[in-house]
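Here is the structure we will look at, set down as structure tokens.
Number of protein chains: 2
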Amino acid sequence: MQRLRRLIADRRARRADAAFIIEGPQLVDEAVAAGVEFEAQFIPVDRPESSIGGAGPVHLLSPGVFERVAPTEQPRPPVAVARATEHDARAILQHAAFIVALEAIADPGNLGTIIRSAEAAGADGVVLTPGSVDPHNPKVVRAAAGSLFRIPVLEASLSDVHDGGLTLWGTTSHSEQSPQAYDRADLTGRVAVVLGTEAHGLSADAVGYIDRWLTIPHAGPAESLNVAMAGTVLAFEVRRQRAAEL
Amino acid sequence: MQRLRRLIADRRARRADAAFIIEGPQLVDEAVAAGVEFEAQFIPVDRPESSIGGAGPVHLLSPGVFERVAPTEQPRPPVAVARATEHDARAILQHAAFIVALEAIADPGNLGTIIRSAEAAGADGVVLTPGSVDPHNPKVVRAAAGSLFRIPVLEASLSDVHDGGLTLWGTTSHSEQSPQAYDRADLTGRVAVVLGTEAHGLSADAVGYIDRWLTIPHAGPAESLNVAMAGTVLAFEVRRQRAAEL
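Sequence lines, in order, name chains W and R.
The first sequence begins at 219 in the numbering used here and counts up one residue at a time.
The second sequence begins at 219 in the numbering used here and counts up one residue at a time.
Here you go:
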């Protein structure tokens, strides 16, 4: 029980154990279907039908205990301990045609949405630079709605992305960089779309790795698009340009 | 105090009073800038500097009371009572060139995101059909991040949209309707993009008003795009096609 709570609350525990928590039948089903490996699943003793085949050995908990160890207030069983998939980031980046890279993204919901968008748009991976929220944070796992199990989410640097031979397109809302409108930029090659935080854009360190700049022209105030919306629009523009090429 | 709590929790009270709650300096500032009218603002007595000019007469509350009447757990002052803007839906629809219409949308966060996207993409309004979440629900107000104050959000029917002379493009993930890929559909005329709920798509009633169908081709499982992501992608495609025409 202690371990479950640590895996829910503590990033270092998740890192040390290479394990994380998946809650609820739909997400656990999707993880099983995606080939995620499981260590154990926990269900309330009065809901024996709630275990899921392929999600590891079943542990029965008294209902009060089940609620206390789960990551949400009204948890749906099972709560499962899954093994984090280890990705060889450099190898993936050497062969990737389309990456979404996020510098120091902090909001779990936004990260989850971008992981969904990246999968749906056919990206080969999502790169998180150091300082980002943990992709195995339970809120990210929930917001990613299964996409986390199907697309590699890599903790890597923009230097690694550059070394992979991808063209890094930085996103900006400032005119200083003379960005191209995103739909006029040629995104058909091997590209990484790089997004910064909403508040500050890309850091000076990141800027050093950017090859070209793009922007999303829009109505309304500058902050009207959050990073998840911008990432969704850009990921689908990459997909659109590639589909149009065929 | 009773009234504040009712306006936070009770849609009928908001409707009866044509009033709603805006919390926090940034949102209240944006509402003032957008010309929203205010009845009153509430701040803790120990934070007299937190009142905002233009947000109505200031009422001081003891700190414990302030926290209790606010819509979030760690409220930032002021908490303001704003007057709902009355829109003439039919008049707006007669002249609109681009509408985003949502059938019975339930999730406040998704609605807020779509209101932001619609504003950023230059839509003339967002239509909510009967049965949708209240756009003045505090969670929608927060998620819309100020866009709610700048773009008309209309409670109307698809029949009203049709009567406005717009072409209704229904979104679907099913092939039965023989939809066009969204980026090959001609969205440059007077268009309403119509989205259903994530779980069920558009109702049979709604389908009767749809002129044409479009779909968002994507990788991964069918449900990988939620309604907010789909709405964002479609709104920006409408904008892209219009910009390309100029």
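Just so you know, even glycine gets a beta-carbon here, dropped at the ideal spot from N, CA and C.
(request) Pull out every residue of the stretch 330-342 of chain R whose Cβ sits closer than 9 Å to any Cβ of chain W, in chain order. (result) T331, R334, S335, E337, A338, A339, G340, A341
(request) Write down the C-beta distance between R:A410 and R:I317 rounded to the nearest angstrom, noting that I regard them as a contact closer than 8 Å. (result) The sequence position of residue 410 of chain R within the second sequence is 192, counting from 1. The sequence position of residue 317 of chain R within the second sequence is 99, counting from 1. Contact holds; Cβ gap of about 4 Å.
(message) Considering only their Cβ atoms, is the gap separating R:A399 from R:W387 smaller than 8 Å?
(response) Position 169 of the second sequence holds residue 387 of chain R. Position 181 of the second sequence holds residue 399 of chain R. For R:W387 and R:A399, no; Cβs fall outside 8 Å.
(message) Below 8 Å, how does it come out for the stretch 365-385 of chain W and the stretch 303-313 of chain W: are there three or more Cβ pairs, yes or no?
(response) yes
(request) Check the Cβ of R:L366 against every Cβ in chain W and list those closer than 9 Å, keeping chain order. (result) Residue numbering aside, residue 366 of chain R sits at position 148 when the second sequence is read from its first letter. The contacting residues do not exist; R:L366 stays about 12 Å from chain W at best.
(request) Assign R:D264 to buried or exposed, taking buried as 16 or more other Cβ atoms, counted over all protein chains shown, within 10 Å of its Cβ. (result) For the purposes of this step, residue 264 of chain R is taken as the residue at position 46 of the second sequence. Looking at its Cβ environment, which holds fewer than 16 other Cβ atoms inside 10 Å, R:D264 is exposed.
(request) Identify each residue in the stretch 391-406 of chain R for which the Cβ-Cβ distance to at least one residue of chain W is less than 7 Å, and report them in chain order. (result) D401
(message) I'd like to know whether the C-beta of W:P435 is nearer than 8 Å to at least one C-beta of chain R.
(response) Mapped onto the first sequence, residue 435 of chain W falls at position 217. Answer yes: the Cβ-Cβ gap between W:P435 and chain R drops below 8 Å somewhere.
(message) Run through chain W and tell me which residues come within less than 7 Å of R:G438, C-beta to C-beta.
(response) Your numbering for residue 438 of chain R matches position 220 in the second sequence. Result: E337, A338, S365, R368.
(message) Less than 8 Å between CB atoms is the rule here; does W:F260 satisfy it with respect to chain R?
(response) The count along the first sequence starts at 1 and reaches residue 260 of chain W at position 42. No, its Cβ sits nowhere closer than 8 Å to a Cβ of chain R.
(request) For the stretch 307-321 of chain R, enumerate the residues whose C-beta is nearer than 9 Å to any C-beta of chain W, in chain order. (result) none
(request) Helix, strand or coil for W:Q292, going by three-state DSSP, please let me know. (result) Along the first sequence, read from residue 1 onward, the residue named residue 292 of chain W stands at position 74. Of the three classes helix, strand and coil, the one that applies to W:Q292 here is coil, per DSSP.
(request) In the DSSP assignment, find the alpha helix (DSSP H) that holds W:P262 and state where it starts and stops. (result) Taking the first sequence and counting its residues from 1, the one referred to as residue 262 of chain W is at position 44. Where W:P262 is concerned, there is no enclosing alpha helix (DSSP H), although the beta strand (DSSP E) it sits in stretches over 256-262.
(message) Does W:G438 come out as helix, strand or coil in the three-state DSSP assignment?
(response) By one-based count along the first sequence, residue 438 of chain W stands at place 220. In the structure shown, W:G438 sits in coil (DSSP, three-state: anything other than H, G, I, E or B).
(message) Excluding the 5 residues flanking R:R224 on each side, which residues of the same chain have their C-beta closer than 7 Å to its C-beta?
(response) Position 6 of the second sequence, counted from the first residue, corresponds to residue 224 of chain R. Within its own chain, the residues whose Cβ lies closer than 7 Å to the Cβ of R:R224, once the five positions on either side in sequence are excluded, are A231, listed in chain order.
(request) Specify, as a first and last residue, the run of the beta strand (DSSP E) that R:T385 falls within. (result) As a working note, residue 385 of chain R is residue 167 in the second sequence. 385-389 is the extent of the beta strand (DSSP E) around R:T385.
(request) Go through its chain and collect everything with a Cβ distance to R:A465's Cβ below 7 Å, but skip five positions before and after it. (result) Residue 465 of chain R is absent from the model: chain R starts at 219 and stops at 464.
(message) I'd like to know whether the C-beta atoms of R:A227 and R:V246 end up nearer to each other than 8 Å.
(response) Counted from its first residue, the second sequence places residue 227 of chain R at position 9. Counted from its first residue, the second sequence places residue 246 of chain R at position 28. Not closer than 8 Å, so no.
(message) Suppose the cutoff is 7 Å on Cβ atoms and the five residues either side in sequence are ignored; what does the same chain contact list for W:A252 look like?
(response) Along the first sequence, one-based indexing puts residue 252 of chain W at 34. Contacts found: F367, R368.
(message) Please report whether the beta-carbon of R:M219 lies at a distance below 8 Å from any beta-carbon of chain W.
(response) The count along the second sequence starts at 1 and reaches residue 219 of chain R at position 1. No, no contact with chain W.
(request) In the DSSP assignment, find the alpha helix (DSSP H) that holds R:E285 and state where it starts and stops. (result) Looking up residue 285 of chain R in the second sequence gives position 67. Note, R:E285: alpha helix (DSSP H), 281-287.
(message) Let me check understanding here. Comparing Cα to Cα, which of R:V297, R:A339, R:D401 lies closest to W:H442?
(response) Locating residue 442 of chain W in the first sequence gives position 224, counting from the first residue. The residue you asked about is not His; residue 442 of chain W is Ser in the sequence shown. Minimum Cα distance to W:S442 is reached at R:A339.
(request) Evaluate W:E463 with the Cβ neighbour count: other Cβ atoms within 10 Å of its Cβ, from every protein chain shown; 16 or more gives buried, anything less gives exposed. (result) Within the first sequence, the letter at position 245 stands for residue 463 of chain W. Under this definition W:E463 is an exposed residue.
(message) Looking only at its chain, what residues have a beta carbon closer than 7 Å to the beta carbon of W:A362, apart from the 5 residues adjacent to it on each side?
(response) Within the first sequence, the letter at position 144 stands for residue 362 of chain W. Within the same chain, and ignoring the five residues on either side of W:A362 in sequence, the residues whose Cβ sits closer than 7 Å to its Cβ are G330, I333, R334.
(message) Starting from W:G449, trace the alpha helix (DSSP H) in both directions and tell me its first and last residue.
(response) Looking up residue 449 of chain W in the first sequence gives position 231. That run of the alpha helix (DSSP H) goes 445-463.
(message) Within the continuous alpha helix (DSSP H) that includes R:E248, where are the two ends?
(response) In the second sequence, residue 248 of chain R corresponds to position 30, counting from 1. For R:E248, the enclosing alpha helix (DSSP H) starts and ends at 243-251.
(request) Would you give the residue range spanned by the beta strand (DSSP E) that W:L372 belongs to? (result) Numbered from 1 along the first sequence, position 154 holds the residue referred to as residue 372 of chain W. 371-373 is the extent of the beta strand (DSSP E) around W:L372.
(request) State the DSSP-derived secondary structure class of R:L432, mapped to helix, strand or coil. (result) Here the question's residue 432 of chain R lines up with position 214 in the second sequence. Residue state, collapsed to three classes: strand.
(request) Residues of the stretch 443-455 of chain W with a CB closer than 7 Å to any CB of chain R: list them in chain order, please. (result) L443, M447, T450, V451, F454
(message) So with CB distances below 7 Å, who are the chain R contacts of W:R458?
(response) Reading the first sequence from its first residue, position 240 is the one you call residue 458 of chain W. In chain order: D401.
(request) Starting from the Cα of R:Q257, find the closest Cα among R:P266, R:I239, R:A234, R:T389 and give me that residue. (result) Mapped onto the second sequence, residue 257 of chain R falls at position 39. According to the sequence as given, residue 257 of chain R is Glu; it is not Gln. The candidate whose alpha carbon is nearest that of R:E257 is R:I239.
(request) Please go through the same chain and pick out, in chain order, the residues whose beta-carbon is closer than 7 Å to the beta-carbon of R:P439, but skip the five residues on each side of it. (result) Walking along the second sequence from the start, residue 439 of chain R turns up at place 221. Nothing meets the Cβ criterion.
(request) Can you give me the start and stop residues for the alpha helix (DSSP H) that R:I333 sits inside? (result) Walking along the second sequence from the start, residue 333 of chain R turns up at place 115. Note, R:I333: alpha helix (DSSP H), 326-338.
(message) Can you give me the C-alpha to C-alpha distance between R:H392 and R:G414, rounded to a whole angstrom?
(response) Position 174 of the second sequence holds residue 392 of chain R. Position 196 of the second sequence holds residue 414 of chain R. Their backbone Cα atoms lie some 13 Å apart in a straight line.
(request) Return no unless some Cβ of chain W is closer than 8 Å to the Cβ of R:A461. (result) Against the second sequence, residue 461 of chain R aligns to sequence position 243. True, the Cβ-Cβ gap to chain W drops below 8 Å.
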